[in-house]
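Structure record follows, encoded as structure tokens.
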Amino acid sequence: MKVENIALQEQNKVMQSYNHDNEFIHTYFDYENKESSYPERLAELSTRNFKRKQLAETVRSFMEPFGISQSAHEHLVELEEDAVTVIGGQQAGILTGPLYSVHKAISVILLAKKQRQHLGVPVVPVFWVAGEDHDINEINHVYTNTAGRVTKEQIQDKFVLKLMASDATYDQIEMKKYVETIFSKFGETAYTKPLLEEVLAAVDKENTFTGFFVRLMNGLFAEEGLLFIDSAYKPLRELESEYFQLLIQESETIAAAIVDKESMFDSEGYGRPFDAEGDASHLFYVHETGRMLLTRRDEYYVNESAGLRFTTEEMLEIAKESPFLLSNNVATRPLMQDLVFPVLAFVGGPGEITYWALLKEAFHQLEIKMPIIIPRLSITLVPRDTDKALKEKSLTFQDVISGEVTGAREEFIATLQNKQFEQAVIEAEKVLKKEYEKIGRTIDSDEQMMNDMLKKNLNFHKLQFNYLKAKSEEALLIKHEVALRKFSLIETNLYPNNGLQERSYTPYKYMNEYSPTLIKDLLDLPLEFDGTHKLIYF
Numbered sequence: 219m220k221v222e223n224i225a226l227q228e229q230n231k232v233m234q235s236y237n238h239d240n241e242f243i244h245t246y247f248d249y250e251n252k253e254s255s256y257p258e259r260l261a262e263l264s265t266r267n268f269k270r271k272q273l274a275e276t277v278r279s280f281m282e283p284f285g286i287s288q289s290a291h292e293h294l295v296e297l298e299e300d301a302v303t304v305i306g307g308q309q310a311g312i313l314t315g316p317l318y319s320v321h322k323a324i325s326v327i328l329l330a331k332k333q334r335q336h337l338g339v340p341v342v343p344v345f346w347v348a349g350e351d352h353d354i355n356e357i358n359h360v361y362t363n364t365a366g367r368v369t370k371e372q373i374q375d376k377f378v379l380k381l382m383a384s385d386a387t388y389d390q391i392e393m394k395k396y397v398e399t400i401f402s403k404f405g406e407t408a409y410t411k412p413l414l415e416e417v418l419a420a421v422d423k424e425n426t427f428t429g430f431f432v433r434l435m436n437g438l439f440a441e442e443g444l445l446f447i448d449s450a451y452k453p454l455r456e457l458e459s460e461y462f463q464l465l466i467q468e469s470e471t472i473a474a475a476i477v478d479k480e481s482m483f484d485s486e487g488y489g490r491p492f493d494a495e496g497d498a499s500h501l502f503y504v505h506e507t508g509r510m511l512l513t514r515r516d517e518y519y520v521n522e523s524a525g526l527r528f529t530t531e532e533m534l535e536i537a538k539e540s541p542f543l544l545s546n547n548v549a550t551r552p553l554m555q556d557l558v559f560p561v562l563a564f565v566g567g568p569g570e571i572t573y574w575a576l577l578k579e580a581f582h583q584l585e586i587k588m589p590i591i592i593p594r595l596s597i598t599l600v601p602r603d604t605d606k607a608l609k610e611k612s613l614t615f616q617d618v619i620s621g622e623v624t625g626a627r628e629e630f631i632a633t634l635q636n637k638q639f640e641q642a643v644i645e646a647e648k649v650l651k652k653e654y655e656k657i658g659r660t661i662d663s664d665e666q667m668m669n670d671m672l673k674k675n676l677n678f679h680k681l682q683f684n685y686l687k688a689k690s691e692e693a694l695l696i697k698h699e700v701a702l703r704k705f706s707l708i709e710t711n712l713y714p715n716n717g718l719q720e721r722s723y724t725p726y727k728y729m730n731e732y733s734p735t736l737i738k739d740l741l742d743l744p745l746e747f748d749g750t751h752k753l754i755y756f
């Protein structure tokens with residue numbers, strides 16, 4: 219494997235400012251993304267209290283069905299004592315979801331290792347699974363790349379209501395068929411059979427999207443001791459009971475803080491990611507018909523479509539006695555995460571960091587600071603055949619993401635054209651047109667039927683010439699299909715759906731091609747958190 223670091227032009231304005239504007243960071247975050255921030259954050263965490271014993275027991279009980287490696291066991295012991303954490307999270311996608319889920323886990327692990335060495339204290343990597351999310355359509359598919367085409371492969375299963383991913387079950391027979399179909403499109407290698415058997419075994423052992431996701435991820439990162447917790451796990455909700463009460467008590471001030479911050483954010487040209495309202499509770503109630511967002515109205519918490527209506531006292535009672543009936547939204551999840559875990563740093567993608575930018579004052583309302591925010595590593599895997607195609611076509615990765623492959627393909631096709639044939643056809647058309655004009659001059663202008671027939675006859679010949687040219691081009695494309703396919707190979711491998719590879723493909727596509735050791739080998743590379751995009755050649 220070889221690493222190439224390249225600077226991509228940042229499309230996200232928030233990330234441009236986060237990476238280059240200290241004033242922006244001081245306005246919207248508590249810590250700069252630099253080494254000196256870590257001892258500061260560590261000192262702040264040392265003044266706070268965490269339910270460490272209960273937290274470690276909760277994480278352990280969640281992970282036990284999936285298997286706890288020796289490294290994970292050691293991290294749990296450290297978490298119970300005095301460890302701090304580096305944390306990142308993702309929705310529970312099929313076959314781990316897109317590559318960025320794995321890239322985020324790699325980022326969390328590498329940053330935890332680095333800060334353990336730098337600070338001289340235990341720093342534990344944690345992956346927070348967003349199992350309470352209810353948009354199943356975001357996680358029920360993967361993309362495949364066959365014959366130069368990117369295809370969305372969605373599992374054909376029926377999911378009703380606003381079920382959380384941790385409650386949404388799949389049909390094991392249908393999921394097996396689906397997984398086998400996906401693997402069949404990867405192409406057969408020496409690794410296909412063992413990888414497929416491993417995934418099918420996970421399908422058999424689980425029946426929810428979250429369980430399937432965690433079983434695969436836990437297997438991939440067992441040696442690193444990555445800890446997992448599902449935000450929808452009931453024992454975690456019980457641990458969160460006290461913090462739900464706090465969020466309810468501070469609901470109005472948190473909502474106001476977010477509205478004010480978003481207004482500032484919008485005025486500076488960053489948009490309105492929350493589109494926040496002053497009456498938002500930023501909490502869901504887990505109803506029998508699904509997860510329902512609550513709004514504050516006249517001292518009540520309501521969801522009119524579900525007929526829900528609670529007083530503040532009733533909400534506090536729910537938080538105390540039945541916390542599993544409450545669920546965080548995108549605004550309160552970071553707050554809850556920081557109340558539950560001693561978070562040294564949070565690793566996030568561009569979208570997450572945009573949301574976090576609105577939460578500084580919300581954190582302060584709870585008398586805590588935001589953790590250090592670290593953009594996750596952004597990676598593109600470049601297989602040998604794709605690298606070879608790039609070199610043959612004199613293209614760079616920057617060319618690919620700039621949309622220059624189409625132009626290069628057209629230029630290549632232009633060099634293949636049979637100019638003599640084209641010229642001969644053009645000359646034949648000119649000659650034929652002149653001959654028809656000569657015939658036309660022999661027909662009286664009032665002989666409408668003959669004039670119409672002449673025009674119709676000439677148009678027929680034009681169609682035949684066009685057909686001849688089209689067939690010539692078709693024959694040319696078939697003759698040079700192998701060379702032309704390389705343009706599709708480059709585009710679909712490196713920039714599928716006009717986006718980075720990590721947003722489309724499952725890592726199993728590349729483990730099948732490279733080796734099941736792909737994750738381990740990526741973790742062994744010198745990957746720096748320097749804001750560059752990583753091209754990994756293998």
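If you want the working numbering, it's the 1-based position in the sequence shown plus 218.
C-beta atoms are modelled at their ideal positions from N, C-alpha and C, and glycine is treated no differently.
Could you give the first and the last residue of the continuous alpha helix (DSSP H) run that contains residue i?
{"i": "residue 325", "result": "317-337"}
{"i": "residue 615", "result": "615-619"}
{"i": "residue 557", "result": "550-558"}
{"i": "residue 454", "result": "452-457"}
{"i": "residue 708", "result": "699-712"}
{"i": "residue 257", "result": "255-264"}
{"i": "residue 738", "result": "736-741"}
{"i": "residue 395", "result": "390-402"}
{"i": "residue 275", "result": "270-281"}
{"i": "residue 242", "result": "240-246"}
{"i": "residue 761", "result": "Outside the modelled stretch of the chain, which goes from 219 to 756, sits residue 761, for which no answer is possible."}
Whose C-beta lies closer than 8 Å to the C-beta of residue i among residues of the same chain, with five residues either side of it excluded?
{"i": "residue 256", "result": "333, 336, 337, 562, 563 and 590"}
{"i": "residue 442", "result": "289, 327, 343 and 741"}
Per DSSP, which residues does residue i bridge with? Please list them.
{"i": "residue 530", "result": "Its beta-bridge partners do not exist; DSSP assigns none."}
{"i": "residue 445", "result": "344"}
{"i": "residue 564", "result": "305 and 591"}
{"i": "residue 369", "result": "362"}
{"i": "residue 518", "result": "515 and 529"}
{"i": "residue 223", "result": "752"}
{"i": "residue 764", "result": "A question about residue 764 goes unanswered here, because the residues of the chain that appear run from 219 up to 756."}
Near residue i, what residues of its chain come up, given a Cβ to Cβ distance below 6 Å and the 5 sequence neighbours on each side ignored?
{"i": "residue 373", "result": "358 and 396"}
{"i": "residue 387", "result": "425 and 426"}
{"i": "residue 276", "result": "453, 454 and 457"}
{"i": "residue 450", "result": "349, 350, 382 and 384"}
{"i": "residue 270", "result": "298"}
{"i": "residue 647", "result": "683"}
{"i": "residue 284", "result": "432, 433 and 436"}
{"i": "residue 573", "result": "491 and 548"}
{"i": "residue 700", "result": "none"}
For residue i, which residues in the same chain have their Cβ closer than 7 Å to its Cβ, ignoring the five residues on either side in sequence?
{"i": "residue 603", "result": "707"}
{"i": "residue 227", "result": "none"}
{"i": "residue 420", "result": "430, 433 and 434"}
{"i": "residue 464", "result": "584"}
{"i": "residue 329", "result": "304, 563, 565, 592 and 747"}
Measure the CB-CB distance between residue i and residue j and report whether it falls below 9 Å.
{"i": "residue 654", "j": "residue 675", "result": "yes"}
{"i": "residue 462", "j": "residue 311", "result": "no"}
{"i": "residue 354", "j": "residue 427", "result": "yes"}
{"i": "residue 444", "j": "residue 560", "result": "no"}
{"i": "residue 526", "j": "residue 512", "result": "yes"}
{"i": "residue 316", "j": "residue 724", "result": "yes"}
{"i": "residue 597", "j": "residue 400", "result": "no"}
{"i": "residue 728", "j": "residue 601", "result": "yes"}
{"i": "residue 741", "j": "residue 752", "result": "no"}
{"i": "residue 599", "j": "residue 732", "result": "yes"}
{"i": "residue 519", "j": "residue 507", "result": "no"}
{"i": "residue 281", "j": "residue 446", "result": "yes"}
{"i": "residue 232", "j": "residue 488", "result": "yes"}
{"i": "residue 580", "j": "residue 475", "result": "yes"}
{"i": "residue 575", "j": "residue 705", "result": "no"}
{"i": "residue 320", "j": "residue 438", "result": "yes"}
{"i": "residue 473", "j": "residue 514", "result": "yes"}
Tell me, please, whether the CB atom of residue i is closer than 9 Å to any CB atom in chain D?
{"i": "residue 653", "result": "Of the chains in the structure shown, none is chain D; there is only one protein chain."}
So the beta strand (DSSP E) residue i belongs to, where does it begin and stop?
{"i": "residue 307", "result": "302-308"}
{"i": "residue 361", "result": "359-364"}
{"i": "residue 201", "result": "The structure shown has nothing for residue 201, since the chain only spans 219 to 756."}
{"i": "residue 294", "result": "Element bounds for residue 294: not the beta strand (DSSP E) but the alpha helix (DSSP H), 288-299."}
{"i": "residue 469", "result": "No beta strand (DSSP E) holds residue 469; the alpha helix (DSSP H) holding it covers 469-485."}
{"i": "residue 545", "result": "544-546"}
field: Whole beta strand (DSSP E) elements within the segment 574-659, 3-residue minimum
entry: Here the runs fully enclosed are 590-593 and 596-600.
task: Write down every uninterrupted run of the alpha helix (DSSP H) in the segment 414-446 whose length is 4 residues or greater and which is fully enclosed by it, in chain order.
output: Entirely contained in the segment 414-446, the alpha helix (DSSP H) runs reaching 4 residues are, in chain order, 427-439.
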